[in-house]
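Which chain is which? The protein sequence lines are A and B, in order. Per the working numbering, the very first residue in the first sequence carries number 2; after that it's consecutive. Per the working numbering, the very first residue in the second sequence carries number 202; after that it's consecutive. For every residue, glycine included, the Cβ atom is placed at its ideal position computed from N, Cα and C.
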Amino acid sequence: MNTTVANTVPTAPTDFYCVQEPPAHNGTLVGFWIYLMSDCFIFASLFVSYAVLGTNYAGGPTGAEILDLNGLAVSTALLLVSSVVFGFAMLAMQKRNKGAMLGWLAVAGILAAVFLSLEVREFLHMIAEGAGPDRSAFLSAFFTLVGTHGLHVTVGCLWLIVLMVQLARFGINDANVRRLQCLSMFWHFLDLIWVGVFSYVYLVGVLL
Amino acid sequence: MNSSTSSQSQTAPHDAHAHEGSVKSYLTGFVLAAILTVIPFWLVMGHPIDSRGWTIFLILALAVVQIFVHIVYFLHLDMRSEGGWNMMAFVFTAILVIIVLGASIWVMWTENKLMMPMAEHGQNMHMSMPDK
Numbered sequence: 002m003n004t005t006v007a008n009t010v011p012t013a014p015t016d017f018y019c020v021q022e023p024p025a026h027n028g029t030l031v032g033f034w035i036y037l038m039s040d041c042f043i044f045a046s047l048f049v050s051y052a053v054l055g056t057n058y059a060g061g062p063t064g065a066e067i068l069d070l071n072g073l074a075v076s077t078a079l080l081l082v083s084s085v086v087f088g089f090a091m092l093a094m095q096k097r098n099k100g101a102m103l104g105w106l107a108v109a110g111i112l113a114a115v116f117l118s119l120e121v122r123e124f125l126h127m128i129a130e131g132a133g134p135d136r137s138a139f140l141s142a143f144f145t146l147v148g149t150h151g152l153h154v155t156v157g158c159l160w161l162i163v164l165m166v167q168l169a170r171f172g173i174n175d176a177n178v179r180r181l182q183c184l185s186m187f188w189h190f191l192d193l194i195w196v197g198v199f200s201y202v203y204l205v206g207v208l209l
Numbered sequence: 202m203n204s205s206t207s208s209q210s211q212t213a214p215h216d217a218h219a220h221e222g223s224v225k226s227y228l229t230g231f232v233l234a235a236i237l238t239v240i241p242f243w244l245v246m247g248h249p250i251d252s253r254g255w256t257i258f259l260i261l262a263l264a265v266v267q268i269f270v271h272i273v274y275f276l277h278l279d280m281r282s283e284g285g286w287n288m289m290a291f292v293f294t295a296i297l298v299i300i301v302l303g304a305s306i307w308v309m310w311t312e313n314k315l316m317m318p319m320a321e322h323g324q325n326m327h328m329s330m331p332d333k
């Protein structure tokens with residue numbers, strides 16, 4: 002209204018853009034978080050295609066016939082414990098305890114590797130039974146979604162191995178702390194996605 | 202289970218590492234996540250509820266709750282993390298994901314419901330092609 006009166010120093014426009022400096026000291030963590038959010042979109046679109054195609058069995062096996070809930074319970078427990086164990090590794094990092102940190106990281110990595118081996122075994126078993134990704138739209142969507150998550154876990158394991166070597170050789174320095182904070186977010190994020198996978202793809206898929 | 206760190210679980214955030222949590226936050230998150238995982242498995246494997254629709258609704262509701270448990274106790278997202286930028290990006294993503302998921306499922310289910318059943322001999326698709 003009366004902002005034009007005595008408007009020698011215009012202050013209003015500063016409300017519309019960032020007047021503070023972005024957090025430069027941990028800009029990598031913000032950037033990595035934004036990457037994880039973009040990864041959310043990948044998984045969201047794969048969840049959508051499963052939601053749309055999930056009952057198009059094309060005369061092939063249904064979810065209730067091929068999805069193994071006992072194996073799923075083991076996989077879910079492995080990934081959840083792995084996530085918590087990675088958290089303990091980050092707490093050891095806060096205390097600058099390199100030995101404990103490497104130990105926790107190794108446990109987290111082994112749990113994830115067992116998770117992956119169970120997933121690969123399940124996939125091979127399904128393909129051998131003629132329920133591969135080429136059988137029906139339901140199975141295409143299933144393999145794409147669960148396989149993409151598995152690929153992420155595989156890359157996470159490779160990344161973990163690289164960072165464990167870095168940590169063993171160069172210790173807990175600033176660069177390694179930053180990298181491990183990123184991997185920690187990645188690791189917890191994959192467990193979060195798995196909550197959606199086991200709830201919607203498996204548990205709901207068995208009921209449909 | 203963790204003798205070296207559980208003895209001093211206070212871990213005061215002496216430096217600006219609020220997003221790194223404590224033993225207490227990880228164990229709280231673990232217990233909550235385990236409970237929220239066991240309940241949907243029991244719903245499917247134990248068949249305590251006859252209604253399939255309600256079972257599916259409960260599974261999805263528990264999954265949403267568990268996702269928030271993971272975000273709070275494992276990813277340590279709060280208004281302060283990275284000066285609020287993480288929260289801003291997360292809220293933006295959550296809104297778009299809800300739109301993508303909800304709207305796509307709504308559109309496709311409605312389309313399936315409204316679509317006329319396909320006639321035995323097709324809808325004369327070949328006749329709609331332009332004459333050349």
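| Item | Value |
| --- | --- |
| From the beta carbon of G230/B, is the nearest beta carbon of chain A less than 9 Å away? | yes |
| At a Cβ cut of 8 Å, what residues of the region 278-310 of chain B count as close to chain A, listed as they run along the chain? | E283, G284, W286, N287, A290, F291, F293, T294, L297, V298, V301, L302, S305, I306, M309 |
| Where in the region 51-102 of chain A do unbroken runs of the alpha helix (DSSP H), each at least 4 residues long, occur, reported from the N-terminal end onward? | 64-67, 70-95 |
| Less than 9 Å separating the beta-carbons of L204/A and T63/A? | no |
| Would you tell me roughly how many angstroms separate the C-alpha atoms of V85/A and I67/A, rounded to the nearest one? | 30 Å |
| Are any of the Cβ atoms in chain A nearer than 9 Å to that of S208/B? | Since pLDDT at S208/B reaches only 39, below the 50 mark, its modelled position is unreliable, and no value is offered. |
| Starting from the beta carbon of M246/B, find every residue of chain A whose beta carbon is closer than 8 Å, and list them in chain order. | L70 |
| Just to confirm before moving on: does the CB-CB distance between Y51/A and T145/A stay below 9 Å? | yes |
| If you measure from the beta carbon of T145/A to each beta carbon in chain B, is any gap under 9 Å? | no |
| Mind checking if V273/B is an interface residue toward chain A, Cβ cutoff 9 Å exclusive? | no |
| Among L73/A, N71/A, G28/A, T77/A, which one has its Cα closest to the Cα of L191/A? | T77/A |
| To which residues of the same chain is M91/A closer than 6 Å at the C-beta, ignoring the five residues directly before and after it? | S185 |
| Considering only C-alpha positions, which residue in the set M127/A, V108/A, L193/A, L80/A is nearest to F116/A? | L80/A |
| Can you list the alpha helix (DSSP H) stretches of 4 or more residues lying completely in the region 118-194 of chain A, in chain order? | 138-171 |
| Looking at C-alpha atoms only, which residue of F33/A, V163/A, F143/A is the closest neighbour of S46/A? | F143/A |
| According to DSSP, is L209/A part of a helix, a strand, or is it coil? | coil |
| What residues from chain A crowd round L276/B, counting only those whose CB sits closer than 8 Å? | M186, H189, F190, L193 |
| By Cβ distance, which residues of its chain are closer than 6 Å to R179/A, with the 5 residues on each side in sequence left out? | T29 |
| Can you tell me which of the three DSSP states S46/A falls into? | helix |
| Counting C-beta neighbours from all protein chains within 10 Å, is the total for F269/B 16 or more, i.e. buried, or is it exposed? | exposed |
| Would L315/B count as contacting chain A if we go by Cβ distances under 9 Å? | no |
| Note down, in chain order, each residue of its chain lying with its Cβ closer than 6 Å to the Cβ of G222/B, except the 5 sequence neighbours on either side. | H277 |
| Using a Cβ-Cβ distance under 9 Å, would H327/B count as near chain A? | Its pLDDT being 45, under 50, H327/B is placed unreliably by the model, and nothing is read from it. |
| Quick check: is the beta carbon of T4/A nearer than 9 Å to any beta carbon in chain B? | Residue placement at T4/A cannot be trusted, given a pLDDT of 49 that sits under 50; the coordinates are not used to answer. |
| Please check if any C-beta of chain A sits within less than 9 Å of the C-beta of P249/B. | no |
| Output, in sequence order along the chain, the residues in the region 256-273 of chain B whose CB is closer than 8 Å to any CB in chain A. | T256, I257, I260, L261, L263, A264, Q267, I268, H271, I272 |
| Under 8 Å Cβ-Cβ, which residues of chain B neighbour A74/A? | F242 |
| Taking A169/A and L106/A to be in contact with their CB atoms under 8 Å, please state how far apart those CB atoms are, rounded to whole angstroms. | Not confirmed; about 10 Å, so no contact. |
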